[in-house]
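Going by this note's numbering, the sequence shown runs without a break in its numbering and finishes at 222.
Glycine included, C-beta positions come from ideal geometry on N, C-alpha and C.
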Amino acid sequence: MKEGNMKEFKADATVGLISSKLTLEGPIIKNKTSFIVSGRRTYVDLVVKPFMPASTELSLYFYDLNTKINHKISKSDRIYLSAYMGNDVFGVDYDGSQDRKNEGEGPSEEGVLNFGLGYGNITSTLRWNHLFSDKLFSNTTLTYSKYSFHTNFGVSGTNSTPMGNENLNIDFGYIAGIEDLGSKIDFEYNPNPNHDIKFGASYTYHHFFPGKTNLNFSID
3 MKEGNMKEFK ADATVGLISS KLTLEGPIIK NKTSFIVSGR RTYVDLVVKP
53 FMPASTELSL YFYDLNTKIN HKISKSDRIY LSAYMGNDVF GVDYDGSQDR
103 KNEGEGPSEE GVLNFGLGYG NITSTLRWNH LFSDKLFSNT TLTYSKYSFH
153 TNFGVSGTNS TPMGNENLNI DFGYIAGIED LGSKIDFEYN PNPNHDIKFG
203 ASYTYHHFFP GKTNLNFSID
C-alpha cells in the first residue's frame, strides 16, 4: 500500500456497474505525518433487488477497507501503522407470509427461512524502521490477524391445527477461524554494493478455533 501524500490532500473515486472504490490521502502534519484510506464495495444485491420477489431478500457483496499512517520521528526513525478489514457476505431471507398475502390468502400459516454464509479477514501491523548507519538498518514489526468463516440457518413457522397454532423454530450456527499474534525484528547490513547480510528473529502465536456449533430447536 502507498505511504500517503505528506504535502497535499488528494481524493480518487472509481464508480463501476457492480463495485465502487474511494481513496483519500493527505498530510496530518505536513512533511512529517501522512494518512491514506481506501475502501471498496460491490453491490450486486442492490442491482438485482428490483427483480427479486417481495418475499425474498438477497445479500450478496464483499467489501474491504485499507488504512495506513506514516510518521517521521527523525531522520533515522520512522513508524508505520496499517490495518486491513474485508468481508464476503451471502445471505437469503425468505418470508412465506408475503407470498400468501400476494395470493389473497390470510396469514394463518406463516414461514420464515434465513440462510447466511460469510468469511472475512482483519489484519493490523505496527512497524518501526531505524537507520543505524548508511550500511545498517532494522525493521521491528508487531502484527495481528484474524480469519473467520461462519454460516447460519434458521427456520420458523406457524401452522394452524384443530388443536390450535403450532410453532416451529430451528436455529443453527457455525463459526471457525484462526487468530495470530506476531513479532519480528529484521536487520540488513550492506558492507559493500556486492554483498547483503540479512538476519533477525520472529515469533508467532497461533490460536485456532476449528469449529463451534450452536443449535436451537423448539416446537410449541
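With distance defined between alpha-carbon atoms, name the residue in the options nearest to residue i.
{"i": "Ser126", "options": "Ser185, Ser21, Gly175, Asp173", "result": "Ser185"}
{"i": "His197", "options": "Lys137, Thr143, Lys74", "result": "Lys137"}
{"i": "Asp222", "options": "Thr160, Asn141, Asn68, Phe155", "result": "Thr160"}
{"i": "Asn216", "options": "Phe174, Ile75, Glu190", "result": "Phe174"}
{"i": "Leu144", "options": "Asn154, Gly156, Trp130", "result": "Trp130"}
{"i": "Gly202", "options": "Phe189, Lys214, Tyr65, Pro193", "result": "Phe189"}
{"i": "Tyr86", "options": "Ser40, Pro52, Asp47, Thr35", "result": "Ser40"}
{"i": "Arg230", "options": "Val114, Lys51, Lys32, Thr25", "result": "A query on residue 230 cannot be resolved here, the shown segment of the chain reaching from 3 to 222 and no further."}
{"i": "Gly93", "options": "Tyr65, Gly120, Ser84", "result": "Gly120"}
{"i": "Phe134", "options": "Ala13, Tyr65, Met8, Ser76", "result": "Ser76"}
{"i": "Lys214", "options": "Ser150, Tyr207, Val114, Tyr65", "result": "Ser150"}
{"i": "Lys4", "options": "Ile20, Tyr65, Ser84", "result": "Ser84"}
Grouping DSSP H, G and I as helix and E and B as strand, with all else coil, what is residue i?
{"i": "Pro212", "result": "strand"}
{"i": "Phe53", "result": "helix"}
{"i": "Asp222", "result": "coil"}
{"i": "Asp47", "result": "helix"}
{"i": "Gly88", "result": "strand"}
{"i": "Gly6", "result": "coil"}
{"i": "Gly223", "result": "No statement about residue 223 is possible, as the shown extent of the chain runs from 3 to 222 and does not include it."}
{"i": "Thr177", "result": "Thr is not the amino acid found at residue 177; the sequence shown has Ile there. Residue state, collapsed to three classes: strand."}
{"i": "Leu19", "result": "coil"}
{"i": "Pro195", "result": "coil"}
{"i": "Ser135", "result": "coil"}
{"i": "Ile75", "result": "coil"}
{"i": "Asn33", "result": "coil"}
{"i": "Phe117", "result": "strand"}
{"i": "Phe11", "result": "coil"}
The ligand SAH and residue i: does any heavy atom of the ligand fall closer than 6 Å to the residue's C-beta?
{"i": "Phe37", "result": "The ligand SAH is not among the ligands present in this structure, which contains no ligands whatsoever."}
State the Cα-Cα distance for the pair residue i and residue j, rounded to the nearest angstrom.
{"i": "Asn72", "j": "Ile30", "result": "9 Å"}
{"i": "Tyr191", "j": "Ser140", "result": "9 Å"}
{"i": "Leu128", "j": "Ser78", "result": "17 Å"}
{"i": "Lys211", "j": "His152", "result": "It should be noted that the sequence gives Phe, not Lys, for residue 211. Going by the C-alpha atoms only, they are around 12 Å apart."}
{"i": "Glu23", "j": "Leu48", "result": "Per the sequence shown, residue 23 should be read as Lys rather than Glu. Answer to the nearest angstrom: the Cα atoms are 16 Å apart."}
{"i": "Lys70", "j": "Asn154", "result": "34 Å"}
{"i": "Ile180", "j": "Asn194", "result": "42 Å"}
{"i": "His209", "j": "Asn123", "result": "15 Å"}
{"i": "Gly106", "j": "Gly156", "result": "Low per-residue confidence applies at Gly106: pLDDT is 49, beneath 50, and the placement is therefore not dependable, though the value from the model is reported in the following sentence. Whole-angstrom Cα-Cα distance: 26 Å."}
{"i": "Ser204", "j": "Gly28", "result": "33 Å"}
{"i": "Lys34", "j": "Lys74", "result": "5 Å"}
{"i": "Ile187", "j": "Thr142", "result": "4 Å"}
Contact defined as beta carbons within less than 8 Å: I believe residue i pairs with residue j. What is the distance between those atoms, to the nearest angstrom?
{"i": "Thr58", "j": "Tyr82", "result": "About 45 Å separates the two Cβ atoms, so there is no contact after all."}
{"i": "Tyr45", "j": "Val91", "result": "Incorrect: roughly 11 Å between the Cβ atoms, too far for contact."}
{"i": "Ile177", "j": "Phe219", "result": "About 19 Å separates the two Cβ atoms, so there is no contact after all."}
Apply the 10 Å Cβ neighbour rule to residue i and answer buried if 16 or more other Cβ atoms are within range, or exposed otherwise.
{"i": "Phe37", "result": "buried"}
{"i": "Met54", "result": "exposed"}
{"i": "Lys200", "result": "exposed"}
{"i": "Gly18", "result": "exposed"}
{"i": "Glu10", "result": "exposed"}
{"i": "Gly6", "result": "buried"}
Within 7 Å (strictly less), CB to CB, does residue i reach chain D?
{"i": "Gly159", "result": "Of the chains in the structure shown, none is chain D; there is only one protein chain."}
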